[in-house]
Amino acid sequence: MSQSLTAEDYYAEKYGLTRTHSEVINAASCVPPGRVLDLGCGSGRNSLYLNRKGSQVTAWDHNPQSIAKLNDIIQAESLQGIDASEIDLNVHRFHGDYDFILSTVVMMFLPRDSIPHIISDMHASTVVGGYNLIVAAMDSPDYPCPLPFPFSFQPDELRQYYEGWNIVKYNEDLGELHKRDENGNRYKMRFATLLAQKMA
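When we follow my numbering, the leftmost residue of the sequence shown carries the number 89, and every step to the right adds one.
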(Lines of atoms letter the chains of each structure in order from A; the text may use other names.)
(Lines give C-alpha, C1' and ligand atoms only; values in the text may rest on other atoms or scores of the structure.)
Protein backbone atom coordinates (compact mmCIF):
# COMPACT_ATOMS: atom_id res chain seq x y z
CA MET A 89 0.00 0.00 0.00
CA SER A 90 1.49 3.27 -1.11
CA GLN A 91 2.20 5.74 1.67
CA SER A 92 1.46 8.52 -0.83
CA LEU A 93 -2.28 7.99 -0.35
CA THR A 94 -3.98 10.80 1.51
CA ALA A 95 -5.39 10.15 4.98
CA GLU A 96 -8.94 10.16 3.61
CA ASP A 97 -8.09 7.55 0.96
CA TYR A 98 -5.72 5.23 2.80
CA TYR A 99 -8.24 2.92 4.50
CA ALA A 100 -10.79 3.23 1.70
CA GLU A 101 -8.26 1.92 -0.82
CA LYS A 102 -6.70 -0.71 1.42
CA TYR A 103 -9.84 -2.15 3.02
CA GLY A 104 -12.61 -1.29 0.57
CA LEU A 105 -14.31 1.25 2.84
CA THR A 106 -16.41 4.14 1.65
CA ARG A 107 -14.24 7.26 1.48
CA THR A 108 -14.17 9.53 4.52
CA HIS A 109 -17.26 11.77 4.57
CA SER A 110 -16.50 15.10 2.92
CA GLU A 111 -17.87 17.06 5.90
CA VAL A 112 -15.51 15.22 8.25
CA ILE A 113 -12.58 16.13 6.00
CA ASN A 114 -13.77 19.76 5.95
CA ALA A 115 -14.26 19.83 9.72
CA ALA A 116 -10.76 18.49 10.31
CA SER A 117 -9.38 21.65 8.72
CA CYS A 118 -10.59 23.71 11.71
CA VAL A 119 -11.12 21.13 14.48
CA PRO A 120 -7.75 20.25 16.06
CA PRO A 121 -6.91 16.63 16.95
CA GLY A 122 -8.25 15.61 20.35
CA ARG A 123 -10.70 13.26 22.00
CA VAL A 124 -13.32 12.17 19.48
CA LEU A 125 -16.61 10.27 19.74
CA ASP A 126 -18.00 8.87 16.48
CA LEU A 127 -21.70 8.00 16.86
CA GLY A 128 -22.78 5.40 14.31
CA CYS A 129 -19.28 4.79 13.00
CA GLY A 130 -20.15 1.94 10.61
CA SER A 131 -16.97 0.20 9.49
CA GLY A 132 -14.91 3.16 10.64
CA ARG A 133 -14.28 5.35 7.61
CA ASN A 134 -14.41 8.57 9.66
CA SER A 135 -12.96 7.15 12.89
CA LEU A 136 -9.91 5.75 11.11
CA TYR A 137 -9.34 9.03 9.28
CA LEU A 138 -9.50 11.11 12.46
CA ASN A 139 -7.24 8.67 14.29
CA ARG A 140 -4.75 8.88 11.43
CA LYS A 141 -4.88 12.66 11.80
CA GLY A 142 -3.86 12.37 15.45
CA SER A 143 -7.09 12.05 17.46
CA GLN A 144 -7.95 9.61 20.24
CA VAL A 145 -11.17 8.07 18.91
CA THR A 146 -14.06 6.24 20.54
CA ALA A 147 -16.22 4.64 17.84
CA TRP A 148 -19.73 3.24 18.43
CA ASP A 149 -22.15 1.40 16.18
CA HIS A 150 -25.13 -0.90 16.72
CA ASN A 151 -24.10 -3.26 13.88
CA PRO A 152 -21.87 -6.08 15.17
CA GLN A 153 -20.50 -6.84 11.69
CA SER A 154 -19.40 -3.22 11.24
CA ILE A 155 -17.67 -3.13 14.61
CA ALA A 156 -16.00 -6.48 13.91
CA LYS A 157 -14.65 -5.15 10.61
CA LEU A 158 -13.36 -1.99 12.26
CA ASN A 159 -11.68 -3.97 15.04
CA ASP A 160 -10.09 -6.22 12.42
CA ILE A 161 -8.59 -3.13 10.75
CA ILE A 162 -7.43 -1.75 14.09
CA GLN A 163 -5.67 -5.05 14.81
CA ALA A 164 -4.23 -5.44 11.30
CA GLU A 165 -2.80 -1.92 11.39
CA SER A 166 -1.68 -2.17 15.06
CA LEU A 167 -3.47 1.11 15.70
CA GLN A 168 -3.31 2.96 19.01
CA GLY A 169 -5.79 5.51 20.29
CA ILE A 170 -8.92 4.07 18.70
CA ASP A 171 -11.54 1.97 20.48
CA ALA A 172 -14.59 0.46 18.75
CA SER A 173 -17.62 -0.92 20.59
CA GLU A 174 -21.09 -2.21 19.77
CA ILE A 175 -23.49 0.35 21.27
CA ASP A 176 -27.24 0.86 20.71
CA LEU A 177 -27.80 4.61 20.64
CA ASN A 178 -31.53 4.11 21.09
CA VAL A 179 -31.04 3.06 24.70
CA HIS A 180 -27.48 4.08 25.63
CA ARG A 181 -27.14 7.38 27.46
CA PHE A 182 -23.61 8.71 27.53
CA HIS A 183 -21.40 11.37 29.05
CA GLY A 184 -17.77 12.28 28.74
CA ASP A 185 -15.33 15.04 27.90
CA TYR A 186 -14.88 15.04 24.14
CA ASP A 187 -13.33 17.68 21.91
CA PHE A 188 -15.28 16.53 18.84
CA ILE A 189 -18.46 14.46 18.57
CA LEU A 190 -19.73 13.53 15.13
CA SER A 191 -22.72 11.76 13.66
CA THR A 192 -22.80 11.55 9.86
CA VAL A 193 -25.74 10.02 7.98
CA VAL A 194 -26.90 8.12 11.08
CA MET A 195 -29.77 9.91 12.79
CA MET A 196 -32.32 9.13 10.08
CA PHE A 197 -32.05 5.45 11.02
CA LEU A 198 -33.07 6.14 14.63
CA PRO A 199 -36.59 6.71 15.99
CA ARG A 200 -37.62 10.34 16.41
CA ASP A 201 -37.98 10.08 20.17
CA SER A 202 -34.28 9.09 20.47
CA ILE A 203 -32.98 12.25 18.79
CA PRO A 204 -33.49 14.80 21.60
CA HIS A 205 -31.66 12.74 24.22
CA ILE A 206 -28.82 11.87 21.81
CA ILE A 207 -28.25 15.53 20.97
CA SER A 208 -28.60 16.46 24.66
CA ASP A 209 -25.90 13.90 25.52
CA MET A 210 -23.72 15.26 22.71
CA HIS A 211 -24.05 18.75 24.19
CA ALA A 212 -23.27 17.61 27.72
CA SER A 213 -20.32 15.45 26.63
CA THR A 214 -18.58 18.19 24.63
CA VAL A 215 -15.95 20.28 26.39
CA VAL A 216 -16.18 24.07 26.17
CA GLY A 217 -14.48 24.99 22.90
CA GLY A 218 -15.25 21.56 21.44
CA TYR A 219 -17.24 20.79 18.32
CA ASN A 220 -20.25 18.78 17.15
CA LEU A 221 -20.79 17.69 13.55
CA ILE A 222 -24.13 16.31 12.40
CA VAL A 223 -25.15 15.37 8.87
CA ALA A 224 -28.59 13.82 8.49
CA ALA A 225 -31.46 13.45 6.06
CA MET A 226 -34.24 16.02 5.84
CA ASP A 227 -37.87 16.00 4.86
CA SER A 228 -38.47 19.37 3.22
CA PRO A 229 -41.44 20.74 1.27
CA ASP A 230 -39.46 21.03 -1.97
CA TYR A 231 -37.70 17.68 -1.56
CA PRO A 232 -39.82 15.30 0.54
CA CYS A 233 -37.78 12.45 1.97
CA PRO A 234 -37.99 9.68 -0.67
CA LEU A 235 -37.30 6.80 1.71
CA PRO A 236 -39.21 5.64 4.80
CA PHE A 237 -36.57 6.60 7.35
CA PRO A 238 -37.73 6.52 10.98
CA PHE A 239 -36.55 10.11 11.34
CA SER A 240 -35.69 13.09 9.18
CA PHE A 241 -35.06 16.70 10.18
CA GLN A 242 -37.55 19.41 9.32
CA PRO A 243 -36.29 22.74 7.95
CA ASP A 244 -34.22 24.61 10.56
CA GLU A 245 -34.89 21.91 13.19
CA LEU A 246 -31.24 20.92 13.63
CA ARG A 247 -30.03 24.51 13.91
CA GLN A 248 -32.52 25.14 16.73
CA TYR A 249 -30.92 22.40 18.82
CA TYR A 250 -27.71 24.46 18.82
CA GLU A 251 -28.91 27.85 20.03
CA GLY A 252 -26.12 29.40 22.08
CA TRP A 253 -23.38 27.55 20.21
CA ASN A 254 -21.13 29.14 17.60
CA ILE A 255 -22.50 27.84 14.30
CA VAL A 256 -19.39 27.35 12.18
CA LYS A 257 -21.34 25.87 9.29
CA TYR A 258 -24.99 25.18 8.63
CA ASN A 259 -26.77 24.32 5.43
CA GLU A 260 -29.67 22.29 4.11
CA ASP A 261 -28.20 21.50 0.72
CA LEU A 262 -29.38 18.97 -1.80
CA GLY A 263 -27.41 15.72 -1.76
CA GLU A 264 -27.53 12.11 -2.85
CA LEU A 265 -27.63 8.79 -1.05
CA HIS A 266 -25.54 5.85 -2.20
CA LYS A 267 -28.82 3.92 -2.47
CA ARG A 268 -30.39 3.99 -5.93
CA ASP A 269 -33.98 3.96 -7.16
CA GLU A 270 -35.53 1.48 -9.58
CA ASN A 271 -34.01 3.40 -12.51
CA GLY A 272 -30.50 3.22 -11.09
CA ASN A 273 -30.41 6.88 -10.05
CA ARG A 274 -29.24 7.90 -6.60
CA TYR A 275 -31.98 9.19 -4.34
CA LYS A 276 -31.85 12.98 -4.05
CA MET A 277 -32.85 14.75 -0.88
CA ARG A 278 -31.82 17.61 1.36
CA PHE A 279 -29.38 17.00 4.19
CA ALA A 280 -29.05 19.13 7.28
CA THR A 281 -25.35 19.74 7.90
CA LEU A 282 -24.14 21.43 11.07
CA LEU A 283 -20.71 22.09 12.53
CA ALA A 284 -20.96 24.00 15.81
CA GLN A 285 -18.59 24.96 18.61
CA LYS A 286 -19.61 24.92 22.28
CA MET A 287 -19.07 28.36 23.78
CA ALA A 288 -20.01 27.81 27.43
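Just so you know, even glycine gets a beta-carbon here, dropped at the ideal spot from N, CA and C.
Classified as exposed, R181 has fewer than 16 neighbouring CB atoms from the shown chains inside 10 Å of its CB.
The C-beta distance from L262 to Y231 rounds to 7 Å, short enough to fall under 8 Å.
Taking all protein chains shown into account, C118 has fewer than 16 neighbouring C-beta atoms within 10 Å of its C-beta and is therefore exposed. Bounds of any beta strand (DSSP E) do not take in V112; it lies within the alpha helix (DSSP H) bounded by S110 to A115.
Within 10 angstroms of the beta-carbon of A116 lie 16 or more other beta-carbons, which makes it buried.
Taking the Cα of G169 as reference, the smallest distance to any Cα among V124, E251 and D201 is reached at V124.
Ranking V112, T94 and D97 by CA distance to the CA of S191 puts V112 first. Non-local beta-carbon contacts of H150 in its own chain, meaning distances under 6 Å to residues more than five positions away in sequence, involve D176 in chain order. For A156, the uninterrupted alpha helix (DSSP H) segment begins and ends at P152 to A164.
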